[in-house]
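To start, the structure itself, in structure tokens.
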Amino acid sequence: MASEDPAQDGNGTKDPRLDSLDMQLKKVRKAEAERTGQDVPPAKGMRQGNRVLTELIAGPAGGALVGWLFDQLFDTAPALLLVCMFLGIAVAFRNIYRISQERPE
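Going by full-length UniProt numbering, the first residue of the sequence shown is number 1, and it counts up by one from there.
Okay, structure coming up:
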């Protein structure tokens with residue numbers, strides 16, 4: 001019986017019932033996205049805040065990691081760790097300043 005239905009084999013004409021169902025599903029999904037607020041992209045302020053947070057974490061952490069590796073390589077205990085960590089903090093603050101200078105939309 002399923003072999004007699006032209007919509008089941010993929011070679012037949014389109015079934016208007018399926019088209020209607022597809023349109024209804026699209027409408028419902030769009031209404032649900034609007035209701036929950038998922039169709040709105042994040043605001044520029046939110047993106048900038050995430051970038052600032054990333055800089056505050058990655059700058060000092062990256063500098064500390066590089067400094068620790070150099071300390072292990074050159075056997076200079078905490079000296080290069082501290083220097084590179086403070087350089088990472090300085091770079092992070094410079095990048096945060098640049099982010100704050102961007103024009104709002």
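Ideal Cβ placement from N, Cα and C applies to all residues, glycine included.
Apart from sequence neighbours up to five positions away, the residues of its chain that approach Asn95 with a beta-carbon distance below 6 Å are Glu55, ordered along the chain. With respect to the 9 Å criterion, Ile89 and Pro60 are classified as neighbours on the basis of their beta carbons.
Bounds of the alpha helix (DSSP H) holding Glu32 are 16 to 36. Inclusion of Asp71 and Ala58 in the CB contact set at 9 Å is not warranted, their separation being larger than that value.
Residues of the same chain with their beta carbon placed closer than 7 Å to that of Arg35 are lacking, with the five preceding and five following residues left out of the count.
A buried status is given to Ala92, since no fewer than 16 other beta-carbon atoms sit within 10 Å of its beta-carbon.
With a cutoff of 9 Å on beta-carbon distance, Gly62 and Phe86 are scored as not near each other. Counting every other CB atom within 10 Å of its CB across the protein chains shown gives Leu25 a total below 16, marking it as exposed.
Contact between Leu82 and Trp68 fails: their C-beta atoms lie close to 10 Å from each other, not under 8 Å.
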